[in-house]
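Peer 1: Below is a structure I'd like to ask you about.
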Amino acid sequence: MKKLFLLIFLLSSSIFGATLQVKVHNKNYRGTIFLALYDNEADFLKPEKAYKKIKFNLIPNLTTINIENIPEGAYAFTLFLDENNNSKLDTNMFHIPKEPIGFSNNYSPKFKPSYSSAKFIIKNSLEIQNVTLK
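Numbering (mature numbering (1 follows the signal peptide of the UniProt record, and there is no 0)), first residue to last: -17 to -1, 1 to 117.
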């Protein structure tokens, strides 16, 4: 009976997918976080083509977001803190962000971010990503 229960549990976890837990480390920022999760390189940095888009309120110092039912595979995400609540990433005339941003793998690009540097693999029931807003 125990083996049957274990088999059902293992099968159900693979059917429903994994949980991606994103821990956003920040200063005393306030505002709304916009996260875009991408499941392929071609769509990376195109929010309208994101696999999942999530919006949530930031709590100062640390916010943890759980994204459930993610199939195994390769992913990357971007996030930004909308400090002025205008629902967009504000940039300067050179398209450099004026609001705090973050990427999966806590990747900190000097130029345009690449999918390969932000990519991570979900293959377990729980994937934890730590991100520091910059």
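Don't be surprised by glycine CBs; every beta carbon is placed ideally from N, CA and C.
For the region 109 to 117 and the region 4 to 14, state whether three or more C-beta atom pairs, one from each stretch, are separated by less than 8 Å.
Peer 2: yes
Peer 1: So is residue 85 buried or exposed if we call it buried at 16+ other beta carbons inside 10 Å?
Peer 2: As a first step, residue 85 must be located in the sequence shown, where it is residue number 102. Under this definition residue 85 is a buried residue.
Peer 1: Considering residue 98, what are the terminal residues of the alpha helix (DSSP H) in which it resides?
Peer 2: The count along the sequence shown starts at 1 and reaches residue 98 at position 115. Here the alpha helix (DSSP H) through residue 98 covers 98 to 101.
Peer 1: Which word fits residue 25, buried or exposed, when buried means at least 16 other C-beta atoms lie within 10 angstroms of its C-beta?
Peer 2: Reading the sequence shown from its first residue, position 42 is the one you call residue 25. Counting Cβ neighbours within 10 Å, residue 25 comes out exposed, since fewer than 16 surround it.
Peer 1: Please list the terminal residues of the continuous beta strand (DSSP E) segment that includes residue 85.
Peer 2: Your numbering for residue 85 matches position 102 in the sequence shown. First-last of the beta strand (DSSP E) with residue 85: 84 to 86.
Peer 1: Whole angstroms are fine: how far does the CA of residue 12 sit from the CA of residue 109?
Peer 2: For the purposes of this step, residue 109 is identified with residue 126 of the sequence shown, where counting begins at 1. For the purposes of this step, residue 12 is identified with residue 29 of the sequence shown, where counting begins at 1. Cα-Cα distance, rounded: 27 Å.
Peer 1: Residue 32 by DSSP, collapsed to three states: which one?
Peer 2: As a first step, residue 32 is located in the sequence shown; it is residue number 49 there, counting from the start. Three-state result, residue 32: helix.
Peer 1: Among residues of its own chain, excluding the 5 on either side of residue -1, which ones have a beta-carbon nearer than 6 Å to its beta-carbon?
Peer 2: Walking along the sequence shown from the start, residue -1 turns up at place 17. These residues qualify, in order along the chain: 52, 53 and 54.
Peer 1: From residue 64 to residue 43, what distance separates their C-alpha atoms?
Peer 2: For the purposes of this step, residue 64 is identified with residue 81 of the sequence shown, where counting begins at 1. For the purposes of this step, residue 43 is identified with residue 60 of the sequence shown, where counting begins at 1. So the alpha carbons of these two residues sit roughly 12 Å apart.
Peer 1: Can you check whether the CB of residue 60 is closer than 8 Å to the CB of residue 20?
Peer 2: For the purposes of this step, residue 20 is taken as residue 37 along the sequence shown, with counting starting at 1. For the purposes of this step, residue 60 is taken as residue 77 along the sequence shown, with counting starting at 1. Closer than 8 Å, so yes.
Peer 1: Spatial neighbours of residue 98 within its chain, please: C-beta separation below 6 Å, excluding the five flanking residues on both sides.
Peer 2: Here residue 98 refers to the residue found at position 115 of the sequence shown. The beta carbon of residue 98 sits closer than 6 Å to the beta carbons of 24, 27 and 59 from its chain, once the five residues preceding and following it are set aside; these are given in chain order.
Peer 1: For residue 88 and residue 66, I'd like the C-alpha separation in whole angstroms.
Peer 2: One-based indexing of the sequence shown puts residue 88 at position 105. One-based indexing of the sequence shown puts residue 66 at position 83. The alpha-carbon atoms of residue 88 and residue 66 are separated by roughly 23 Å.
Peer 1: Which residues does DSSP pair with residue 21 in a beta bridge?
Peer 2: Start at 1 with the first residue of the sequence shown, and residue 21 comes out as number 38. As a beta-bridge residue in DSSP terms, residue 21 pairs with 59.
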